[in-house]
Amino acid sequence: MKRNLNLFSYSFRPGRSQHQAIDHMFKQVSFQKMHYIIDADLRNYFGSINHGFLREFLDKRVKDGVIRRMIDKWLKAGVMESGNISYPDEGTPQGSIVSPVLSNIYLHYVLDEWFSEQIQPLLKGKSFIVRFADDFILGFTDKSDAERVMEVLPKRFAKYELTLHPEKTKMIDLNSERGGSDRSFDFLGFTHYLSKSRKGNKVLMRKTSSKRLTRAIMKISSFIKLNRHMKLRDLIAAINIKLRGHYSYYGITFNSKGILLFFEQVKRSLIKWLNRRGGKPIWKWDRFVLLVNSWDPLVKPFIKHSYVSLQRS
Numbered sequence: 012m013k014r015n016l017n018l019f020s021y022s023f024r025p026g027r028s029q030h031q032a033i034d035h036m037f038k039q040v041s042f043q044k045m046h047y048i049i050d051a052d053l054r055n056y057f058g059s060i061n062h063g064f065l066r067e068f069l070d071k072r073v074k075d076g077v078i079r080r081m082i083d084k085w086l087k088a089g090v091m092e093s094g095n096i097s098y099p100d101e102g103t104p105q106g107s108i109v110s111p112v113l114s115n116i117y118l119h120y121v122l123d124e125w126f127s128e129q130i131q132p133l134l135k136g137k138s139f140i141v142r143f144a145d146d147f148i149l150g151f152t153d154k155s156d157a158e159r160v161m162e163v164l165p166k167r168f169a170k171y172e173l174t175l176h177p178e179k180t181k182m183i184d185l186n187s188e189r190g191g192s193d194r195s196f197d198f199l200g201f202t203h204y205l206s207k208s209r210k211g212n213k214v215l216m217r218k219t220s221s222k223r224l225t226r227a228i229m230k231i232s233s234f235i236k237l238n239r240h241m242k243l244r245d246l247i248a249a250i251n252i253k254l255r256g257h258y259s260y261y262g263i264t265f266n267s268k269g270i271l272l273f274f275e276q277v278k279r280s281l282i283k284w285l286n287r288r289g290g291k292p293i294w295k296w297d298r299f300v301l302l303v304n305s306w307d308p309l310v311k312p313f314i315k316h317s318y319v320s321l322q323r324s
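To convert, count from 1 in the sequence shown and add 11; that's this note's numbering.
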């Protein structure tokens with residue numbers, strides 16, 4: 012009997028999201044004790060999809076001639092770079108509305124179906140896979156299972172002309188001693204690591220990844236710098252839109268410190284550039300705090316996604 016592969020694939024599907032993928036992974040690691048993780052990174056995935064293999068996969072499910080001819084036209088569409096048009100014979104067309112769907116179909120057969128139907132029945136312990144687009148995580152209760160899959164995974168992808176990044180693909184033991192390397196991993200913008208809950212149980216916690224946090228801080232700081240000429244009320248209103256957007260994604264259980272750190276950095280950037288509008292600096296910290304807390308308040312951090320399943324810990 013075939014398993015429902017949709018249970019662990021969350022990309023480009025109605026009603027599915029990154030947060031659901033993270034919650035699924037949380038349950039598997041925390042409650043099923045799958046503490047051996049394969050964190051894999053595909054090199055240039057969207058540009059490496061083999062059209063021949065893709066057509067073979069489509070043959071299995073898509074029989075409508077009109078749809079297939081339309082897909083062929085999308086695949087053959089030229090790509091313009093620096094005024095020059097090229098017609099690549101691999102990869103999915105960048106910016107095309109069908110590109111995410113085709114790339115999802117490719118990994119469905121290359122990874123999802125293979126792991127679920129051929130690999131998992133051969134393993135000694137429990138295992139899971141969770142995937143969003145070309146980002147995926149494999150988890151295991153048994154270390155030897157993880158090592159065996161780690162060995163065969165590059166061969167599986169090579170068969171379909173895909174390449175794992177050798178430096179970014181690694182096996183992680185979440186129980187490694189503090190201070191040791193490879194005891195956490197990044198997935199969907201968060202760094203995930205094992206720690207104890209308030210009840211003393213080991214659960215998978217998360218924080219904003221350092222790369223994403225740095226990028227977000229630099230981006231909003233640049234925005235404030237370029238728009239410091241705006242009326243103060245309008246500038247703060249524009250910043251609040253960006254704050255709400257950040258909290259809507261990163262405001263998730265266990266990441267209170269991450270969004271608070273972002274908020275504090277935004278405040279520091281705002282007072283810095285307000286005092287460089289020209290003339291004498293007029294904003295002392297005490298007065299500035301009144302501004303962002305009472306007069307024209309910045310939106311304070313809030314948790315947008317708090318899952319009932321987490322209450323078990």
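For each residue, glycine too, the CB sits at the ideal point set by N, CA and C.
When DSSP states are grouped into helix, strand and coil, I78 belongs to the helix group. Residue pairing for V141: DSSP places it in a beta bridge opposite I148. By the beta-carbon neighbour count (other beta carbons within 10 angstroms, threshold 16), T264 is buried. If you look at M161, you'll find it in the alpha helix (DSSP H) that goes 154 to 170. If only complete runs of 4 or more residues are kept, the region 241 to 295 shows the alpha helix (DSSP H) at 243 to 261, 267 to 285, in order along the chain. Going by DSSP, I228 is part of the alpha helix (DSSP H) stretching over 221 to 237. Looking from the CA of H176, the closest CA among W284, Y56, H46, Q39 belongs to Y56.
The Cβ atoms of N304 and W294 lie no closer than 7 Å to each other. DSSP, reduced to helix, strand and coil, places I116 within a helical segment of the structure shown. Secondary structure note for S195: it is in no alpha helix (DSSP H), and the uninterrupted beta strand (DSSP E) holding it is 195 to 198. Residue nearest to D297 within the set A88, W306, N61 is W306 (criterion: CA-CA distance).
When rounded, the separation of the alpha-carbon atoms in S28 and A144 is 11 Å.
Taking C-beta atoms as the reference points, L53 and L173 count as a pair closer than 7 Å. DSSP places I33 inside the alpha helix (DSSP H), whose first and last residues are 29 to 42. In the structure shown, V214 falls within a strand segment according to DSSP collapsed to helix, strand and coil.
Take L185, set aside five residues on each side of it, and the residues of its chain with a beta-carbon closer than 8 Å to its own are V40, H46, Y47, I48, R194, S195, Y204, L205, L215, in chain order.
DSSP places L65 in the uninterrupted alpha helix (DSSP H) bounded by 62 to 72. Note that the C-beta distance between F198 and I148 is below 7 Å. In the three-state reduction of the DSSP assignment, S59 falls in the coil class. Looking at K222, N251, P308, V121, the one whose alpha-carbon comes closest to that of R142 is V121. Taking the CA atoms as reference points, M229 sits about 12 Å from R279.
With fewer than 16 other CB atoms across the displayed protein chains lying within 10 angstroms of its CB, M241 is exposed.
For N212, the number of other beta carbons within 10 angstroms of its own is below 16, and it is reported as exposed. Annotation: the continuous beta strand (DSSP E) that includes K207 extends over 201 to 207.
Per the coordinates, the alpha-carbon of I247 lies some 47 Å from the alpha-carbon of K84. The alpha-carbon separation between W284 and S232 amounts to approximately 9 Å. Judged by DSSP in its simplified three-state form, K181 adopts strand.
Here M182 is buried: its Cβ has 16 or more other Cβ atoms, across all protein chains shown, within 10 Å. In the displayed model, R54 falls within a strand according to three-state DSSP. In terms of Cβ geometry, L271 and P312 form a close pair [threshold 7 Å]. Residue pairing of E101 in beta bridges, as defined by DSSP: N61. Ranked by how close their Cα comes to the Cα of P292, the residues I282, F23, M81 have I282 in first place.
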